[in-house]
Amino acid sequence: MPNYTLHINGKERSVTADTDTPLLWVLRDELNLVGTKFGCGIAQCGACTVHIDGVATRSCQMQVSILDDVKITTIEGLSDDGKHPIQEAWKEIDVPQCGYCQAGQIMTAAAFLEENKNPSEEEIREAMHGNICRCASYNRIEKAVKVAARKMS
Amino acid sequence: MEFIKKNNFSRRNFLKTSMLASGGLLVGFNLLSACKADAVMPVDIESLNFNDFNAFIKISDEGYVTLFSPNPEIGQGVKTSMPMIIAEELDVDWNKVNVVQGALDTKHFTRQVAGGSQSIRFGWDALRQTGATTKQMLINAAATKWNVDPTTCKASKGIITNANGDTFGYGEVVKEAAVLEVPENVTLKETKDFTIIGQEIVNVDIDKIITGKPLFGLDYKAEGMMYASVLRPPAFGQKLDSFDDTKTKAVNGVTEVIKFGDKIAVLASSTWAAMKGKKALSAKWKKGTNLESTEDHDKILTKILDGNTFDTRREDGNIKKAFANADKVIERTYHSPFLPHNCLEPMNFYAEVTAEKVHLVGPIQTPQWTVNRVSKLLDRKVEEIHCEMTRMGGGFGRRLYGDFALEAAKISSLSKKPIQVIFSREDDMTAGTYRPAIKYRIKAALKDGKVTGYHLKEAAIDQNMYGSQTHFFPAGCIPNFKLDTANHKSNITTGAWRAPYTNFLAFAEQSFFDEIASELNVDKLQLRIDLLQNVKGTTDKTIEYSGKRMEDAINLVKEKANWGKTTEGVYQGFAAYYSHNTHVAEIADIILKDGFPVIKKVTAAVDCGIVVNPTGARNQVEGGVLDGIGHAMYADFSFKNGKPNHKNFDTYRMIRMQETPKVDVHFVQNEKSPTGLGEPGLPPAGAAVANAINAAIGKRMFSQPFVNELKKKTVLG
Chain L
38 MPNYTLHING KERSVTADTD TPLLWVLRDE LNLVGTKFGC GIAQCGACTV HIDGVATRSC
98 QMQVSILDDV KITTIEGLSD DGKHPIQEAW KEIDVPQCGY CQAGQIMTAA AFLEENKNPS
158 EEEIREAMHG NICRCASYNR IEKAVKVAAR KMS
Chain F
-15 MEFIKKNNFS RRNFLKTSML ASGGLLVGFN LLSACKADAV MPVDIESLNF NDFNAFIKIS
45 DEGYVTLFSP NPEIGQGVKT SMPMIIAEEL DVDWNKVNVV QGALDTKHFT RQVAGGSQSI
105 RFGWDALRQT GATTKQMLIN AAATKWNVDP TTCKASKGII TNANGDTFGY GEVVKEAAVL
165 EVPENVTLKE TKDFTIIGQE IVNVDIDKII TGKPLFGLDY KAEGMMYASV LRPPAFGQKL
225 DSFDDTKTKA VNGVTEVIKF GDKIAVLASS TWAAMKGKKA LSAKWKKGTN LESTEDHDKI
285 LTKILDGNTF DTRREDGNIK KAFANADKVI ERTYHSPFLP HNCLEPMNFY AEVTAEKVHL
345 VGPIQTPQWT VNRVSKLLDR KVEEIHCEMT RMGGGFGRRL YGDFALEAAK ISSLSKKPIQ
405 VIFSREDDMT AGTYRPAIKY RIKAALKDGK VTGYHLKEAA IDQNMYGSQT HFFPAGCIPN
465 FKLDTANHKS NITTGAWRAP YTNFLAFAEQ SFFDEIASEL NVDKLQLRID LLQNVKGTTD
525 KTIEYSGKRM EDAINLVKEK ANWGKTTEGV YQGFAAYYSH NTHVAEIADI ILKDGFPVIK
585 KVTAAVDCGI VVNPTGARNQ VEGGVLDGIG HAMYADFSFK NGKPNHKNFD TYRMIRMQET
645 PKVDVHFVQN EKSPTGLGEP GLPPAGAAVA NAINAAIGKR MFSQPFVNEL KKKTVLG
């Protein structure tokens, strides 16, 4: 199996994996970065969302072989201390129920707020529409994104 | 159920203390049952004996409190709310409390069950007694050191004070407390003195969740662990005929292919390789039993409803007479599909089966039952089996059934390797334990503006409503009442799905009463209140819901939602339902956008007694309402020749953010013992929305999902 060097959370990580291995499984199985979650495997639920060069991306669809030139950020690297304004907002609003989808929600929200500093409610709802929360903590996710936007502005 | 200070525990039996080798006091207690007379307390924190005790409090020399929380956490918040109850009576600063669950590997690891929204209801008294007794023990220890009467001492926020103003921190007296008798007859706090219960306490796992720390079953890893992906028969009723694994074995990372029963496990060094290996299998299937279809089920269940082969589960008065004398009879039939649970964390489990032991780790709502079944499956002694629970990425009933744990145990036993079984989403949705398809036919007799007779028939796949459900509203409110059930056995696996039976029964009945109110030309909400008057003061012991508490919840939602006073273009629908010991009333507000109903807001009023953790409690109700709406609106699941019609979220529609209304939750204020919240918010939601849809467009919903009904009615244009 070929060897790849990936830039993840500010570090160079070397992995050996089949060319078609999705980034999701490289993160989880090879690098033990298990914060990125497996939900559907077909880019429909958003649980596996990471940032690739700052863009929210479904890691279940990104083959390891095409990622040598990009910077990857996972939930573990969103902040050094768990105090990114979005993480703080998530805590303030007490968003999670089971918590499984929340890393993906947070990564989607983080990339969105980098692009749109002062989003409307409709824009937030549209941006977060791709992430399923099976416990349906949607009201709180929406509220937390608003709170985070205020913190970041 | 409505006691606050009932002292019905023998503390000697349910609580024991010991000094820890590592320093500090350990209090072991049993939540649901008295422990054995010879129960042994460990002296080492590493060997907590969950067989004799199922929960522990550790108080360190420094006064820090660690609560070893036993109840499975599936997102319902008990890992936060249950320790809050102990901490309240123990009277410690919440900031000094640490809650620990899992990662305990002991010889007799057994824990409680998560299900039926009962953790808080059953735990309330025991948790308070435990906290209060421990506090008294610490006070007694301090009083002994001071040589004063304990009644002259008091404790607050982890500090004991005597009449002279001398103080001891809890940590300073743990050694003395450990050797004292467990006190009897401790006094519990008055609700007005609560300082932790009723506060907004953030989920204790929040920091781990928002930073992506390992918490869930799929995050578990062990030395030498292989990943296992399992090919199961694609249709219920099929069996494995033959298979060819040549291509599978050529996949990088695949180490082994194991047939067990009608399933084939592919073992690999990574999840991806295991999944790829499974896809590369070429299997032939043959017919075992019937290959069933929803179309056939519809015919069978309708035939049952048309026939006369029911078990009568409740009968009051004389319905024959009531229908014969009626001014008008209304009869309606309601249809629900099967439903998969779709926990976002797919089913998974770790097993390591060796000659010495069986080690199981994963997300499971029923660890004890699973251990017993693994014991039978592998012919191993229960004592040799350890089961550890992880946090669960959702439960909704699916993780009550340990099929995935049994698969893991079997595969590990055959391969002699530690393995983790991982379901793909497709496996999870197609090898489910579904909410069974059900039909309700309800008939009402109306006379002189009143409901004089009520006859409900349930035709369900596999099983029928159970326990006290047959005595829920409107039982006790209508003089002539009959409830009949019948079922059809299927080979499609079915089971509990969040608020079993009531998740659809509430929709059927509360839609039906809305229609009756229209027929009688009375206010829809008032009809329910009028009916509830008849159950007040009932002497019928089978009726466990309260007419008064339901009426209070209805009046609260009426006020908060401005029932009947909304602006033009906003249409309201009402529903109320009692389940899992909690009374809930909901009003949905919808508007029409291009003729299609858009749900803007749902107001919920909930009587769950004392609200232990308001933020967690609201979260449960918000989620329950949206979950109820999502499935009522969109969930479309059926079978053809034994095969499910959906496999993944590309075609199976789950509610997403743009479809969600705001949920406004209010609690009825009272001092009654708390009841559950994981489920009761869900059942009324579908009916509230259906009734609002009718208010808007004059169409009744009789089948779920509503989107299909709405398409049929051509409101989509």
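Chains L and F supply the protein sequences, listed in that same order. Final position of the first sequence in my numbering is 190; the numbers increase by one with none missing. Final position of the second sequence in my numbering is 701; the numbers increase by one with none missing. Just so you know, even glycine gets a beta-carbon here, dropped at the ideal spot from N, CA and C. Values in this document were obtained by computation on a predicted structure and should not be read as measured data.
Count the other CB atoms, across all protein chains shown, that sit within 10 Å of the CB of Met38/L; report buried if there are 16 or more and exposed otherwise. Here residue 38/L corresponds to residue number 1 of the first sequence, with the count starting at 1. Exposed, by the Cβ-count rule.
Proximity to Lys159/F [Cα-Cα], best of Glu168/F, Thr128/F, Leu199/F: Reading the second sequence from its first residue, position 175 is the one you call residue 159/F. Residue Thr128/F is the option with its Cα nearest to Lys159/F.
So which residues of chain L does Gly378/F contact, with C-beta pairs closer than 7 Å? As a position in the second sequence, residue 378/F is number 394, starting the count at 1. Within 7 Å Cβ-Cβ: Cys135, Tyr137, Arg171, Cys172.
Cutoff 8 Å: Gln100/L Cβ touching any chain F Cβ: Within the first sequence, the letter at position 63 stands for residue 100/L. Judged by the 8 Å Cβ criterion, Gln100/L is not in contact with chain F.
Taking 8 Å as the CB-CB limit, is Asp90/L close to chain F? Position 53 of the first sequence, counted from the first residue, corresponds to residue 90/L. Under the 8 Å criterion on CB atoms, Asp90/L is classed as non-interfacial with respect to chain F.
Between the stretch 161 to 175 of chain F and the stretch 332 to 350 of chain F, do at least 3 Cβ pairs fall closer than 8 Å? Contact annotation: the stretch 161 to 175 of chain F does not touch the stretch 332 to 350 of chain F, with fewer than three C-beta pairs closer than 8 Å.
Proximal residues of chain L, C-beta to C-beta of Pro218/F below 9 Å: Residue numbering aside, residue 218/F sits at position 234 when the second sequence is read from its first letter. Ordered by position in chain L, no residue passes the 9 Å Cβ test against Pro218/F, which lies about 17 Å from the chain.
So with CB distances below 7 Å, who are the chain F contacts of Thr79/L? As a working note, residue 79/L is residue 42 in the first sequence. One detail in the question is off: residue 79/L reads as Ile in this sequence, not Thr. Simply Asn632, Asp634.
Hey, how far is the Cα of Thr118/F from the Cα of Gln352/F? Translated into the one-based positions of the second sequence, residue 118/F becomes position 134. Translated into the one-based positions of the second sequence, residue 352/F becomes position 368. Rounded to the nearest angstrom, the two C-alpha atoms are 28 Å apart.
According to DSSP, residues forming a beta bridge with Ala181/L: Within the first sequence, residue 181/L is the residue found at index 144, counting from 1. Answer is none; Ala181/L lacks a bridge partner.
Any C-beta of chain L sitting closer than 8 Å to the C-beta of Ile499/F? Your numbering for residue 499/F matches position 515 in the second sequence. Per the sequence shown, the amino acid found at residue 499/F is Glu instead of Ile. No, Glu499/F does not count as interfacial toward chain L.
Residue ranges of each beta strand (DSSP E) within the stretch 102 to 185 of chain F, 3 or longer: Complete beta strand (DSSP E) runs here, min 3: 138 to 140, 143 to 145, 151 to 153.
My assumption, with CB atoms under 8 Å, is that Ile123/L sits in contact with Leu150/L. Please give the rounded CB distance. Here residue 123/L is taken as the residue at index 86 of the first sequence, counted from 1. Here residue 150/L is taken as the residue at index 113 of the first sequence, counted from 1. Rounded, the Cβ-Cβ distance is 7 Å, consistent with contact.
What residue range is occupied by the uninterrupted beta strand (DSSP E) comprising Gln222/F? Taking the second sequence and counting its residues from 1, one reaches residue 222/F at position 238. Start and end: 222 to 228.
For chain L, find out if any of its Cβ atoms is closer than 8 Å to the Cβ of Ser213/F; answer yes or no. By 1-based counting over the second sequence, the position of residue 213/F is 229. With its beta carbon at least 8 Å from every one in chain L, Ser213/F lies outside the interface.
Do we get a CB-CB distance below 8 Å when we pair Asp105/L with the residues of chain F? Along the first sequence, read from residue 1 onward, the residue named residue 105/L stands at position 68. Proximity of Asp105/L to chain F, defined by a Cβ-Cβ separation below 8 Å, is not satisfied.
Compare the C-beta of Phe690/F against all C-beta atoms of chain L and say whether one is closer than 8 Å. Locating residue 690/F in the second sequence gives position 706, where the first residue counts as 1. Among the residues facing chain L, Phe690/F is not included, as its CB has no counterpart in that chain under 8 Å away.
Please check if any C-beta of chain L sits within less than 8 Å of the C-beta of Lys683/F. As a first step, residue 683/F is located in the second sequence; it is residue number 699 there, counting from the start. At a cut-off of 8 Å between beta carbons, Lys683/F makes no contact with chain L.
Would you tell me roughly how many angstroms separate the C-alpha atoms of Val52/L and Arg364/F, rounded to the nearest one? One-based indexing of the first sequence puts residue 52/L at position 15. One-based indexing of the second sequence puts residue 364/F at position 380. Their Cα atoms are separated by approximately 40 Å.
Report the residue from Arg409/F, Phe307/F, Asn302/F, Leu251/F whose alpha carbon sits nearest the alpha carbon of His325/F. Indexing the second sequence from 1 puts residue 325/F at position 341. Measuring from the Cα of His325/F, the nearest candidate turns out to be Arg409/F.
What are the boundary residues of the alpha helix (DSSP H) that includes Arg637/F? Taking the first residue of the second sequence as 1, we reach residue 637/F at position 653. DSSP places Arg637/F outside any alpha helix (DSSP H), giving it a letter other than H or E.
According to the neighbour-count rule (16 or more other Cβ atoms, all chains shown, within 10 Å of its Cβ), is Val27/F buried or exposed? Residue numbering aside, residue 27/F sits at position 43 when the second sequence is read from its first letter. Its Cβ having fewer than 16 others within 10 Å, Val27/F is exposed.
If you reduce the DSSP assignment to three classes, tell me which class Gly86/F lands in. Taking the second sequence and counting its residues from 1, the one referred to as residue 86/F is at position 102. Annotation note: pLDDT 49 at Gly86/F (below 50); position unreliable, coordinate value reported separately. DSSP, read as helix, strand or coil, puts Gly86/F in coil.
So, are the CB atoms of Pro420/F and Gln453/F less than 8 Å apart? Within the second sequence, the letter at position 436 stands for residue 420/F. Within the second sequence, the letter at position 469 stands for residue 453/F. No. Outside cutoff.
Interface partners of Met189/L on chain F, CB under 8 Å: Indexing the first sequence from 1 puts residue 189/L at position 152. Contact note: Met189/L does not reach chain F at a C-beta cutoff of 8 Å; the least C-beta distance is about 16 Å.
Expected contact under 8 Å - CB spacing of Ala588/F and Val609/F to nearest Å: Along the second sequence, one-based indexing puts residue 588/F at 604. Along the second sequence, one-based indexing puts residue 609/F at 625. In this structure, Ala588/F and Val609/F form a Cβ contact; the two beta carbons are roughly 6 Å apart against a cut-off of 8 Å.
Would you tell me roughly how many angstroms separate the C-alpha atoms of Ala87/F and Ser174/L, rounded to the nearest one? Position 103 of the second sequence, counting from 1, holds the residue named residue 87/F. Position 137 of the first sequence, counting from 1, holds the residue named residue 174/L. Unreliable placement is indicated for Ala87/F, whose pLDDT of 40 sits below 50; the coordinate value is still reported in the next sentence. Across the structure, Ala87/F and Ser174/L are spaced so that their CA atoms are roughly 27 Å apart.
I'd like the span of the alpha helix (DSSP H) that includes Trp6/L, first residue to last. This structure does not reach residue 6/L, given that chain L is present from 38 up to 190, and the question cannot be answered.
Members of the stretch 180 to 203 of chain F near chain L, C-beta cut-off 9 Å: Within the stretch 180 to 203 of chain F, the qualifying residues are Glu184, Ile185, Val186, Asn187, Asp189, Ile190, Asp191, Lys192, Ile193, Ile194, Thr195, Gly196, Lys197, Pro198, Leu199, Phe200, Leu202, Asp203.
In its own chain, which residues sit with a C-beta less than 8 Å from the C-beta of Asp620/F, not counting the 5 before and 5 after it? Walking along the second sequence from the start, residue 620/F turns up at place 636. In its chain, beyond the 5 residues on either side, Pro321, Asn629, His630, Tyr636, Arg637, Pro689, Val691, Asn692 have a beta carbon closer than 8 Å to the beta carbon of Asp620/F.
Pairs of beta-carbons, one from the stretch 137 to 145 of chain F and one from the stretch 181 to 190 of chain F, closer than 8 Å: are there three or more? No, they do not touch.
Chain L beta carbons: is any one of them nearer than 8 Å to that of Trp78/F? The sequence position of residue 78/F within the second sequence is 94, counting from 1. Not a single C-beta of chain L is nearer than 8 Å to the C-beta of Trp78/F.
Range of the contiguous beta strand (DSSP E) that encloses Tyr334/F: Working through the second sequence from its first residue, we reach residue 334/F at position 350. Tyr334/F -> beta strand (DSSP E) spans 332 to 337.
Could you tell me which chain L residues have their CB closer than 9 Å to the CB of Trp256/F, listed as they occur along the chain? In the second sequence, the residue the question calls residue 256/F occupies position 272. For Trp256/F, the C-beta contacts it makes with chain L under 9 Å involve Ala54, Asp55, Asp57, Thr58, Pro59, Leu61, Trp62, Val63, Asp66, in order along the chain.
Identify, in the order they occur along the chain, each residue of the same chain with its Cβ nearer than 8 Å to the Cβ of Ala80/L, setting aside the five sequence neighbours on each side. Translated into the one-based positions of the first sequence, residue 80/L becomes position 43. If we look at Ala80/L and ignore the five residues flanking it on each side, its Cβ neighbours are Arg95, Cys97, Gln98.
How would you list, in chain order, the residues of chain F whose beta-carbon sits under 7 Å from the beta-carbon of Val87/L? As a first step, residue 87/L must be located in the first sequence, where it is residue number 50. The premise fails here: Val87/L is roughly 10 Å from chain F at the closest Cβ pair, so nothing lies under 7 Å.
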